[in-house]
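> Those letters in the sequence shown? Residues 140 to 292, by this note's numbering. Each residue gets a CB set at the ideal place from its N, CA and C atoms; glycine is no exception. What you are looking at is a predicted structure, and each value in this text was computed from that prediction instead of being measured. Below is a structure I'd like to ask you about.
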Amino acid sequence: MTCFVSIEGFQLSQRFVVKELTILFNDGRYQHFHLNCPVDLIISPRDWSTIRYNRNYSGLELADDSYLPYEVLGYILGKIRNYKIYTAGNHARRVLLEYLPTSEIMDMCETHGFKYPLILEQYPCFIDHPARYCTLSKAKTLKTALHLYFVGK
Numbered sequence: 140m141t142c143f144v145s146i147e148g149f150q151l152s153q154r155f156v157v158k159e160l161t162i163l164f165n166d167g168r169y170q171h172f173h174l175n176c177p178v179d180l181i182i183s184p185r186d187w188s189t190i191r192y193n194r195n196y197s198g199l200e201l202a203d204d205s206y207l208p209y210e211v212l213g214y215i216l217g218k219i220r221n222y223k224i225y226t227a228g229n230h231a232r233r234v235l236l237e238y239l240p241t242s243e244i245m246d247m248c249e250t251h252g253f254k255y256p257l258i259l260e261q262y263p264c265f266i267d268h269p270a271r272y273c274t275l276s277k278a279k280t281l282k283t284a285l286h287l288y289f290v291g292k
């Protein structure tokens, strides 16, 4: 079983905070989540510039707590622990490995030389933000890229 996972969030001084997550299954089904902030989050003074930058470019709000509790992230990811997981970027792979240490997680940037195109297709999302920062758009792009990779071989 295969799935494609994309995450967006905030890299703060103490940890990475996932705010948006998409799990796209090989058969086309997907789950798209937005998460609240962790209740134990400590923000240092130097984190504020990162928060402002992400808010301006990705449309994600660190303090927007109108979504799922952050504590369900481990439960959600636990549902795909037996899947072969494709993601893009060493950072995303490291975050996933924190929750899924025994899962097979492939970084397509490393294994297939993948790079996101400059313009991604816009898909309906819960947040009005550019496709470049939408995990749904990114996951669908990953899946298409992997299929093209294997067709080209």
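If you scan the region 200 to 262 from start to end, which runs of the alpha helix (DSSP H) of 4 or more residues do you find wholly inside it?
212 to 217, 229 to 238 and 247 to 251
> Which class does residue 285 belong to by DSSP, given the choice of helix, strand or coil?
Helix at residue 285.
> For residue 173, list the residues DSSP reports as bridge partners.
159
> Rounding to the nearest angstrom, what Cα-Cα distance links residue 236 and residue 194 in this structure?
26 Å
> Quick check on residue 181: does DSSP put it in helix, strand or coil?
coil
> Check whether the Cβ atoms of residue 142 and residue 172 lie closer than 8 Å to each other.
no
> Classify residue 190 as helix, strand or coil using the three-state DSSP reduction.
Residue 190 falls in the helix class under three-state DSSP.
> State the CB to CB distance for the pair residue 117 and residue 201, rounded to an integer number of angstroms; the pair is presumed to be in contact (CB under 8 Å).
This structure gives no information on residue 117, because the portion of the chain shown stretches from 140 to 292.
> Near residue 277, which residues of its chain fall below 6 Å by C-beta distance, leaving aside the five closest residues on each side in sequence?
145
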